[in-house]
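Visitor: Residue numbers for the sequence shown follow this note's numbering, beginning at 89 and rising by one. Just passing along the structure, written as C-alpha cells.
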Amino acid sequence: MPKFPRVSGAEAQRALERLGFVKLRQSGSHVIMRRDSKGCVVPMHPELKVGTLAGLLRQAEVATDEFIEALKK
C-alpha cells in the first residue's frame with residue numbers, strides 16, 4: 089500500500105470530485121459528499137492527518153492509488 093500524501097481538506101474535496109463525488113452540503117468545517125450510495129465527510133482543515141484521510145477513503149470506498157491519481161490530475 090502506498091504512503092498517504094499530506095493534503096488539505098480542499099485538496100481532498102477536489103480529488104473526490106474528480107472521482108465522481110458531489111458536494112451535498114456543508115456543516116461548519118465539514119463537507120458531506122456522495123457518489124451513488126456511498127458518502128463521506130471531508131473536514132476542511134489546512135492539513136488532514138494520515139488516519140483521518142485513511143478513514144475518509146475507507147468510508148468512501150476509494151482505493152489509495154485511485155485517490156493519489158485523482159490528486160495528480
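C-beta: ideal position from N, C-alpha, C; glycine also.
#1: Taking only beta-carbon positions, decide if D153 is within less than 7 Å of chain C.
#2: Looking only at C-alpha atoms, which of R94, E99 and V110 sits nearest to D124?
#3: Specify, as a first and last residue, the run of the beta strand (DSSP E) that V110 falls within.
#4: Is it true that the CB of L104 sits closer than 7 Å to the CB of M121?
#5: Beta carbon of F155, beta carbon of L145: below 7 Å?
Guide: Looking at the atomic coordinates:
#1: Considering every chain present, this structure includes no chain C. It has just one protein chain.
#2: V110
#3: V110 to S115
#4: yes
#5: yes
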